[in-house]
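Chains A and B, in that order, are what the protein sequence lines are. Read in order, the letters of the first sequence are residues 1 to 203 in the numbering used here. Read in order, the letters of the second sequence are residues 204 to 406 in the numbering used here. By construction, the Cβ of each residue, glycine as well, lies at the ideal position given by its N, Cα and C atoms. Just so it is clear, the structure is predicted and the values come from calculations on it, not from any experiment.
Protein chains: 2
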Amino acid sequence: MTESPRKRGRPATIDTQSAMHAVVELFRDKGYAAVSLDDLSEATGLSRPSLYRAFGNKLSMYVGAMNAFGQDAAELALPKLEADGELEDALTNFFDAMLGIYYRDSDVAPGCLIFGTAPSHADEAEIKARLNFGIEQVDARMRQRMEKAFPSCDPSRIETAARMASNTLIAFSARAKAGATRQALSEIGAESARTIGLLLRAA
Amino acid sequence: MTESPRKRGRPATIDTQSAMHAVVELFRDKGYAAVSLDDLSEATGLSRPSLYRAFGNKLSMYVGAMNAFGQDAAELALPKLEADGELEDALTNFFDAMLGIYYRDSDVAPGCLIFGTAPSHADEAEIKARLNFGIEQVDARMRQRMEKAFPSCDPSRIETAARMASNTLIAFSARAKAGATRQALSEIGAESARTIGLLLRAA
DNA sequence: GCAATTTCGTACTGTTTCGTACATATTTGG
DNA sequence: CCAAATATGTACGAAACAGTACGAAATTGC
């Protein structure tokens with residue numbers, strides 16, 4: 001950031017970034033409504049008023065967590081999708097990178113904050129809007145990557161293929177939460193990638 | 204049921220079946236944790252103690268709702284999948300039947316109780332187990348239907364195709380909650396059915 | 001009509017929840 | 001060293017929460 005001219009009062013000691021990380025993990029594990037501000041306070045080490053000052057109320061904390069999670073996922077996994085080479089390999093590597101996030105390192109997969117927990121709380125307009133944005137983003141990136149791989153392909157066929165690839169990713173979150181092993185999903189991802197390639201290569 | 208020999212005390216006046224229906228709809232709209240017993244009491248018209256007597260505590264109410272929803276969905280949609288004729292048509296009709304449930308008649312789609320809300324609350328062991336059962340059921344039915352259509356097909360290819368079809372259905376719930384139109388999902392369903400057929404017919 | 005039996009809602013308990021007022025701590029500016 | 005400014009947690013209030021004890025209501029058996 002820019003050179004700050006040394007502010008006036010007591011200097012901030014709170015690490016909002018690592019706090020937000022803890023917020024993400026907690027919401028990811030238990031969803032929105034099941035997490036209390038006391039839970040968040042304990043997980044972050046911040047007092048409840050500090051949470052309010054840093055992130056606003058519970059709803060805006062959750063939306064902020066969706067943004068943080070989405071940004072992390074985009075930075076970690078999108079390069080795999082957008083890499084050069086065969087589309088099938090890019091898709092497979094992208095799915096695997098996302099599975100790395102969905103499964104964290106835990107034995108119990110926390111899944112995806114956006115596709116896994118947000119649908120359950122979409123009666124909140126802000127959550128619904130952010131969920132929709134996330135889906136649109138994945139659809140759009142898939143479409144772009146496929147257009148790049150098959151520039152002369154029928155656009156409506158690319159649309160279908162992109163939606164199927166997104167559906168694979170979305171369903172992975174539910175499957176992970178249900179107890180599927182990471183390896184099992186990785187195989188489904190690779191097979192889905194092959195099938196989508198088949199669709200796009202078909203005359 | 205069997206002929207009951209006319210019980211002794213005050214006759215029951217509560218319609219547990221329609222009450223469970225109201226329970227399902229409320230959990231479907233707002234998820235598990237966001238629904239209070241007072242909400243359920245108001246929605247069903249039953250007092251809180253009556254809810255406990257009829258369905259046990261909140262967790263077992265939710266699991267009961269998952270069972271009721273799953274049974275309804277199976278009765279309404281599975282015949283479409285298992286119908287004779289082309290696999291693609293059966294899949295398309297099955298997806299459409301499920302979308303009829305996901306979209307109810309409301310303008311705001313409540314989605315799927317199992318695939319939409321349960322992943323968010325899978326830290327509860329019972330919910331996780333029931334969610335896993337639901338996924339396994341869909342996978343298995345898909346596999347059976349595909350084996351029937353292509354008896355000589357490579358089993359591992361059928362496995363892949365079945366998982367992709369399930370993924371489509373699972374993702375529909377998230378998309379519905381995010382605001383997708385029913386028609387849009389219906390088209391994705393039909394296109395996915397065509398693609399899966401393509402995969403299974405490929406040499 | 002009276003006891004036994006079953007159903008049902010009122011009313012209560014103790015806990016948890018969100019949100020904030022306010023006092024305290026730590027720095028800079030003069 | 002004191003005033004202004006900023007950061008932080010303790011402590012509080014009001015509401016919502018899950019769960020249950022208990023009494024009232026409605027029926028059957030005799």
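Of Thr117/A, Leu169/A, Ser156/A, Thr13/A, the smallest CA-CA separation from Gln137/A is found for Leu169/A. Along the region 234-250 of chain B, the positions whose C-beta sits under 7 Å from a C-beta of chain A are Gly234, Ala236, Ala237, read in chain order. For the alpha helix (DSSP H) assignment, the uninterrupted runs of no fewer than 4 residues enclosed by the region 34-122 of chain A are, from N- to C-terminal side, 37-44, 48-55, 58-82, 87-102.
Here the C-alpha atom of Phe272/B lies approximately 17 Å from the C-alpha atom of Ala379/B.
Looking from the CA of Tyr265/B, the closest CA among Leu249/B, Leu402/B, Phe230/B, Arg251/B belongs to Phe230/B.
For the region 117-146 of chain A, the beta-carbon criterion of a distance under 7 Å to any beta-carbon of chain B is satisfied by Thr117, Pro119, Ser120, His121, Ala122, Asp123, Lys128, Leu131, Asn132, Ile135. The beta carbon of Val24/A lies closer than 7 Å to those of Ala65, Ala68, Phe69, Leu113 in the same chain, with the five residues before and after it left out. Judged by DSSP secondary structure, Lys331/B falls within the alpha helix (DSSP H) whose first and last residues are 328-352.
By the C-beta density criterion, Glu394/B is buried, having at least 16 other C-beta atoms within 10 angstroms. The alpha-carbon separation between Ala122/A and Ser60/A amounts to approximately 14 Å.
Secondary structure note for Ser359/B: its alpha helix (DSSP H) is the uninterrupted segment 358-381. The beta-carbon distance between Ala43/A and Ala22/A, rounded to whole angstroms, is 5 Å. This is short enough to meet the 8 Å contact definition. Here Leu198/A is actually not in contact with Leu294/B; their C-beta atoms are around 17 Å apart, not less than 8 Å. Of the candidates Tyr52/A, Arg104/A, Gly100/A, the residue whose Cα lies closest to the Cα of Thr16/A is Tyr52/A. For Asn270/B, no CB of chain A lies under 8 Å from its own CB, so it is not counted at the interface with that chain. As summarised for the region 5-31 of chain A, the continuous alpha helix (DSSP H) elements at least 4 residues long and confined to that stretch are 16-30, given in chain order. In the pairwise beta carbon analysis, the region 92-110 of chain A is classified as touching the region 76-84 of chain A: at least three pairs are separated by under 8 Å.
Around Leu401/B, the beta-carbon contacts reaching into chain A at under 8 Å are Leu198, Leu199, Ala202.
In terms of Cβ geometry, Ser359/B and Asp342/B do not form a close pair [threshold 8 Å].
Approximately 14 Å separates the beta-carbon atoms of Gly319/B and Asn132/A; this is outside 8 Å, ruling out the contact.
Contact note: Met301/B does not reach chain A at a C-beta cutoff of 9 Å; the least C-beta distance is about 14 Å. Of all alpha-carbon atoms in Ser47/A, Gly45/A, Ala19/A, Asp29/A, the one lying nearest the alpha-carbon of Ala328/B is that of Asp29/A. Around Gly314/B, the beta-carbon contacts reaching into chain A at under 7 Å are Pro119. The beta-carbon of Ser192/A is placed less than 8 Å from the nearest beta-carbon of chain B.
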